[in-house]
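K.L.:
Once you've had a glance at the structure underneath, I'll fire off some questions.
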Amino acid sequence: MTNAEIAAVFREIAALLEIDGADTFRVRSYQRVADSLESLGENVADIYARGELQKIPGVGKSTAKKISELLDTGVVAAHQELRAKFPETLLEMLSISGFGPRKVALVYNELGIKSVEELEEAAEEGRLRELQGFGAKSEENLLRSIALYRQGQKRTLLGSALPRAQELVKLLQARDDVLQVSIAGSLRRGRETIGDMDILATSTDAAGVCEFFAGLPQFSEVIAHGETKVSARFEDNLQVDLRAVEPESFGAALQYFTGSQAHNIELRERAQKRDLTINEYGVFRVMEQDERGEKVAGETEEGVYEAVGLPWIPPELREARGEIEAAEAGRLPELITLDDIRGDCQMHSEWSDGHTSIAEMATACRERGYEYCVITDHSVSLGVAGGLTPEQVQAEAAEIAELNEKLRAEGIDFRVFHGTEVDILADGSLDYDDDVLAAVDFVIVAIHQGFSRDEQRIMKRLRAALENPHVDCVAHPTGRLINTREAYAVNLAELIDLAAEHDVALEINAFPERLDLDDVHCRLARDRGVDIMINTDAHDPAHLDYMQFGVTTARRGWLEAKDVVNTRSAGEFEQWLHRK
DNA sequence: GCCGTTTTCGGCCCGACTGTTTTCAGTCG
Numbered sequence: 010m011t012n013a014e015i016a017a018v019f020r021e022i023a024a025l026l027e028i029d030g031a032d033t034f035r036v037r038s039y040q041r042v043a044d045s046l047e048s049l050g051e052n053v054a055d056i057y058a059r060g061e062l063q064k065i066p067g068v069g070k071s072t073a074k075k076i077s078e079l080l081d082t083g084v085v086a087a088h089q090e091l092r093a094k095f096p097e098t099l100l101e102m103l104s105i106s107g108f109g110p111r112k113v114a115l116v117y118n119e120l121g122i123k124s125v126e127e128l129e130e131a132a133e134e135g136r137l138r139e140l141q142g143f144g145a146k147s148e149e150n151l152l153r154s155i156a157l158y159r160q161g162q163k164r165t166l167l168g169s170a171l172p173r174a175q176e177l178v179k180l181l182q183a184r185d186d187v188l189q190v191s192i193a194g195s196l197r198r199g200r201e202t203i204g205d206m207d208i209l210a211t212s213t214d215a216a217g218v219c220e221f222f223a224g225l226p227q228f229s230e231v232i233a234h235g236e237t238k239v240s241a242r243f244e245d246n247l248q249v250d251l252r253a254v255e256p257e258s259f260g261a262a263l264q265y266f267t268g269s270q271a272h273n274i275e276l277r278e279r280a281q282k283r284d285l286t287i288n289e290y291g292v293f294r295v296m297e298q299d300e301r302g303e304k305v306a307g308e309t310e311e312g313v314y315e316a317v318g319l320p321w322i323p324p325e326l327r328e329a330r331g332e333i334e335a336a337e338a339g340r341l342p343e344l345i346t347l348d349d350i351r352g353d354c355q356m357h358s359e360w361s362d363g364h365t366s367i368a369e370m371a372t373a374c375r376e377r378g379y380e381y382c383v384i385t386d387h388s389v390s391l392g393v394a395g396g397l398t399p400e401q402v403q404a405e406a407a408e409i410a411e412l413n414e415k416l417r418a419e420g421i422d423f424r425v426f427h428g429t430e431v432d433i434l435a436d437g438s439l440d441y442d443d444d445v446l447a448a449v450d451f452v453i454v455a456i457h458q459g460f461s462r463d464e465q466r467i468m469k470r471l472r473a474a475l476e477n478p479h480v481d482c483v484a485h486p487t488g489r490l491i492n493t494r495e496a497y498a499v500n501l502a503e504l505i506d507l508a509a510e511h512d513v514a515l516e517i518n519a520f521p522e523r524l525d526l527d528d529v530h531c532r533l534a535r536d537r538g539v540d541i542m543i544n545t546d547a548h549d550p551a552h553l554d555y556m557q558f559g560v561t562t563a564r565r566g567w568l569e570a571k572d573v574v575n576t577r578s579a580g581e582f583e584q585w586l587h588r589k
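In this text, residue positions in the first sequence follow this note's numbering: the first is 10, and each later residue adds one.
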């Protein structure tokens, strides 16, 4: 049973308890456990085997018992009892925006409504307005929310949201009455997908800025428009929230709207212990009888953290995954930045399925300030991608040698390495013989077929591949495509151990659809001493810019420059290639 | 249900917004 599956059970227990009217703090405990499990990286089963379940943050005696029960028997009795109490279809109603557990319980208990369909029918017939707290307006809003829910709200890729957010920021910055602008929310934290987009601004004329923003042609709909807040939607339903605050609250508001919620809760609990309270306007002293006293911070984010005795914490770390403890102990990582990257080690040319020549890719890499790049065209079996025969690999090597010659002759300090992205075949063998692999500079292996095999088969293939001494790196280790394709049945904890054992690097593939490894496993790999590479897998010069998303993912995985192979100089990288 | 730089009991982040109410409950982030 995977961590995600166990977390899902705890999330469902929390949801059912909420509908059941349980104490909210009890509900929060279950949610907290689910959050914790999802950000673990390591398999819960292994932690259970060591008898260390209660070391997981938020897991106490009772929830530890439920986790072990789940792992031992496949079910949790308390969960089954809750399920028996309510129709299964009840939970779906919670997915409707603006419809929470109290309302679900109300319509179920009073009108016997058990599903989204029945809810829609009742709203259309005007039967909901009989209920306490409901009116015509709420029925109307509910019908709109149901329609939106039916359109299937997928989270938006970081790579799709960020450019649009930056464009909005630019438009705001161009105004004279706007003082500061920043992206906030999950987009600022660099999550791989975002639910909605948050932008924060300070201004001498907040209402005027809101007016301007609400009128932008980018939006297909303005949902709410007030003096300090605008909510609007792009054509694809992605929601944007703009908030305007006073300049003296910019730091507090930025901290507040950046989240994550879990991080903010931890931060405020910390403030409480110091007789302080934090809200979006600032940090305030708490006086006798809960009276709010003097404001001690708020203009800058640094000030907010300083007020509770902490150094500033980079947004990518603000996920309640131990960053506050690390900050307190002065052990925050010095996170990698885009400037640290000195080469890109996976990209394709027109020799296989890339769009341009090797020389053009090299030029594009130089323009990005790199010292080197590695061309990794596909191997022979990947017919759809124009995989290279061994003879073509040789010919490509000659072209690269010639190009390096030419660069040297022109006095250009840039190096093109010759690599290959080799398929791991169904039986675990590699797509080229060892003599072909020995002749290239860099071997990155990948699974491109046989995705539906079970874990045992997948791991057998990976194990065999990693045992090959020519192998340097595993490309996109899970094969997932966000929102599109699940990962194949890879046991990442085991793969990470194998990578450590055989001195093979793992890739963060920077393509926005992949971001694979993800943040959580990237951190686990680092903890186990595995080398990481951040590569774009570019098939076109423009794709090289995806590097920023790979770096963001690495930052979310607590990586420093020293943890990432391609922050090294060309010379050091070449040494690394000969490490085995 | 969890947790401990006052605590093994009694707390548990904080405010905005909405639609419904005449003071508030529910939802959201």
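Note that beta-carbon positions come from the ideal geometry of N, C-alpha and C, so glycine has one too. In this text, all values refer to a predicted model and were calculated from it rather than measured experimentally.
Is it right to say P426 is buried, meaning 16 or more other beta carbons lie within 10 angstroms of its own, or is it exposed?
P.N.:
Numbered from 1 along the first sequence, position 417 holds the residue referred to as residue 426. Residue identity differs from the one stated: residue 426 is Phe in this sequence, not Pro. Result: buried.
K.L.:
Give the secondary structure of H427 by DSSP, where H, G and I count as helix, E and B as strand, and everything else as coil.
P.N.:
What you label residue 427 is simply residue 418 of the first sequence in a count that begins at 1. In the structure shown, H427 sits in a strand (DSSP, three-state: E or B).
K.L.:
Look at the Cβ atom of E430, then the Cβ atom of A484, and state whether they are nearer than 8 Å.
P.N.:
If you number the first sequence from 1, residue 430 lands on position 421. If you number the first sequence from 1, residue 484 lands on position 475. Result yes, Cβ atoms of E430 and A484 sit closer than 8 Å.
K.L.:
State the CB to CB distance for the pair D44 and A271, rounded to an integer number of angstroms; the pair is presumed to be in contact (CB under 8 Å).
P.N.:
Counting from 1 along the first sequence, the entry for residue 44 is found at position 35. Counting from 1 along the first sequence, the entry for residue 271 is found at position 262. Right, their Cβ atoms sit about 6 Å apart.
K.L.:
Let me know the secondary structure DSSP gives E133 once reduced to three states.
P.N.:
As a working mapping, residue 133 is identified with position 124 in the first sequence. Of the three classes helix, strand and coil, the one that applies to E133 here is helix, per DSSP.
K.L.:
Here's the rule: buried if 16 or more other CB atoms are within 10 angstroms of the residue's CB, otherwise exposed. What is E400?
P.N.:
For the purposes of this step, residue 400 is taken as the residue at position 391 of the first sequence. Exposed, by the Cβ-count rule.
K.L.:
Any chance you could list the beta strand (DSSP E) runs of at least 3 consecutive residues sitting entirely within the stretch 369 to 436, in chain order?
P.N.:
381 to 387 and 424 to 432
K.L.:
Taking 8 Å as the threshold (C-beta atoms), are M556 and D353 in contact?
P.N.:
Here residue 353 corresponds to residue number 344 of the first sequence, with the count starting at 1. Here residue 556 corresponds to residue number 547 of the first sequence, with the count starting at 1. Going by C-beta atoms, D353 is nearer than 8 Å to M556.
K.L.:
Report the option in E139, E503, A371 and V513 whose CA atom is closest to the CA atom of A410.
P.N.:
Position 401 of the first sequence, counted from the first residue, corresponds to residue 410. Selected option, being the one with the closest Cα: A371.
K.L.:
Does the beta-carbon distance from A156 to L247 come in below 8 Å?
P.N.:
Stepping through the first sequence from its first residue, residue 156 is reached at position 147. Stepping through the first sequence from its first residue, residue 247 is reached at position 238. No, these two residues do not count as a Cβ contact at 8 Å.
K.L.:
Quick check on this structure: which residue in G60, G428, E337 and R198 has the alpha carbon closest to the alpha carbon of M356?
P.N.:
Translated into positions along the first sequence, residue 356 becomes position 347. Closest option to M356, judged by alpha-carbon separation, among G60, G428, E337 and R198: G428.
K.L.:
So what's E278 in DSSP terms, helix, strand or just coil?
P.N.:
In the first sequence, counting from the first residue as 1, residue 278 sits at position 269. Of the three classes helix, strand and coil, the one that applies to E278 here is helix, per DSSP.
K.L.:
Considering only DSSP beta bridges, list what S366 is partnered with.
P.N.:
On the first sequence, position 357 is the one that residue 366 refers to. According to DSSP, which records beta bridges pairwise, S366 is partnered with nothing at all.
K.L.:
Which residue's Cα is closest to the Cα of I333: E376, R279, T309 and L120?
P.N.:
Taking the first residue of the first sequence as position 1, residue 333 is located at position 324. I333 has its Cα closest to that of R279, out of E376, R279, T309 and L120.
K.L.:
With a cut-off of 8 Å, do at least 3 Cβ pairs link the stretch 516 to 524 to the stretch 167 to 186?
P.N.:
Enough Cβ pairs lie closer than 8 Å, so yes.
K.L.:
Quick check on DSSP: helix, strand or coil for M10?
P.N.:
As a first step, residue 10 is located in the first sequence; it is residue number 1 there, counting from the start. Correct three-state label for M10: coil.
K.L.:
For D205, name the three-state secondary structure that DSSP assigns.
P.N.:
For this step, residue 205 is matched to residue 196 along the first sequence. D205: strand per DSSP, three-state reduction.
K.L.:
Residue ranges of each alpha helix (DSSP H) run of no fewer than 4 residues wholly in the stretch 182 to 269, ordered along the chain?
P.N.:
194 to 198, 215 to 223 and 259 to 267
K.L.:
Using a Cβ-Cβ cutoff of less than 6 Å, which residues in the same chain neighbour K595 once the five nearest sequence positions on both sides are dropped?
P.N.:
In the structure as shown, the chain begins at 10 and stops at 589. Residue 595 is therefore absent and cannot be evaluated.
K.L.:
If you measure between the beta carbons of E201 and D572, is that distance less than 8 Å?
P.N.:
For the purposes of this step, residue 201 is identified with residue 192 of the first sequence, where counting begins at 1. For the purposes of this step, residue 572 is identified with residue 563 of the first sequence, where counting begins at 1. No; because the gap between Cβ atoms is not below 8 Å, this pair is not in contact.
K.L.:
How far does the beta strand (DSSP E) with E516 in it extend, from its first residue to its last?
P.N.:
Along the first sequence, one-based indexing puts residue 516 at 507. Run containing E516: A514 to N518, per the beta strand (DSSP E) assignment.
K.L.:
Can you say whether Q264 is buried or exposed, counting buried as having 16 or more other CB atoms within 10 angstroms of its CB?
P.N.:
Here residue 264 refers to the residue found at position 255 of the first sequence. With 16 or more Cβ atoms within 10 Å of its Cβ, Q264 is classed as buried.
K.L.:
Restricting to Cα atoms, I'd like to know which of E61, D443 and L80 is closest to A16.
P.N.:
Within the first sequence, the letter at position 7 stands for residue 16. Considering only alpha carbons, the answer is L80.
K.L.:
At a cut-off of 7 Å, would you count D527 as near the ligand ADP, judging by its Cβ distance to the nearest heavy atom?
P.N.:
This structure does not include the ligand ADP; it has no bound ligands of any sort.
K.L.:
Between A58 and G83, what straight-line distance do the alpha-carbon atoms span, to the nearest angstrom?
P.N.:
Within the first sequence, the letter at position 49 stands for residue 58. Within the first sequence, the letter at position 74 stands for residue 83. Going from the Cα of A58 to the Cα of G83 covers about 16 Å.
K.L.:
Counting only runs of 4+ residues fully inside the stretch 437 to 468, write out the alpha helix (DSSP H) ranges in chain order.
P.N.:
443 to 448
K.L.:
Please report the residue range of the alpha helix (DSSP H) in which T72 lies.
P.N.:
By 1-based counting over the first sequence, the position of residue 72 is 63. Start and end: K70 to T82.
K.L.:
Quick check: what's the CA-CA separation for G412 versus A54?
P.N.:
Along the first sequence, read from residue 1 onward, the residue named residue 412 stands at position 403. Along the first sequence, read from residue 1 onward, the residue named residue 54 stands at position 45. Reading off the sequence, residue 412 comes out as Leu, not Gly. Whole-angstrom Cα-Cα distance: 51 Å.
K.L.:
CB-CB under 6 Å to A508, same chain, minus the five flanking residues each way: which ones, in chain order?
P.N.:
Taking the first sequence and counting its residues from 1, the one referred to as residue 508 is at position 499. Cβ within range, chain order: L515 and V539.
K.L.:
Where does the unbroken beta strand (DSSP E) through G566 begin, and where does it stop?
P.N.:
The residue labelled residue 566 in the question sits at position 557 within the first sequence. Per DSSP, G566 belongs to no beta strand (DSSP E) and is neither H nor E.
K.L.:
Residues bridged to K112 by DSSP?
P.N.:
In the first sequence, counting from the first residue as 1, residue 112 sits at position 103. According to DSSP, K112 bridges with nothing at all.
K.L.:
Can you give me the Cβ contacts of V178 inside the same chain, cut-off strictly under 7 Å, excluding the 5 residues immediately before and after it?
P.N.:
In the first sequence, residue 178 corresponds to position 169, counting from 1. The answer, listed in chain order, is V190, I192 and I208.
K.L.:
Figure out for me which residue from E119, R173 and G161 has the closest Cα to the Cα of F143.
P.N.:
Start at 1 with the first residue of the first sequence, and residue 143 comes out as number 134. Of the listed residues, the one whose Cα sits closest to F143 is E119.
K.L.:
Span of the alpha helix (DSSP H) holding A313?
P.N.:
Within the first sequence, residue 313 is the residue found at index 304, counting from 1. The sequence shown places Val at residue 313, not Ala. E310 to A316 is the extent of the alpha helix (DSSP H) around V313.
K.L.:
Which residues in the same chain as C374 place their Cβ atom closer than 7 Å to its Cβ, once the five residues preceding and following it in sequence are excluded?
P.N.:
Indexing the first sequence from 1 puts residue 374 at position 365. Around C374: D353, C382 and L553.
K.L.:
Among the residues of its own chain, which have a CB less than 8 Å from the CB of A154, if the five just before and after it don't count?
P.N.:
Taking the first residue of the first sequence as 1, we reach residue 154 at position 145. Sequence check: residue 154 is Ser here, not Ala. Excluding sequence neighbours, S154 sits near I105, S106, G107 and F108.
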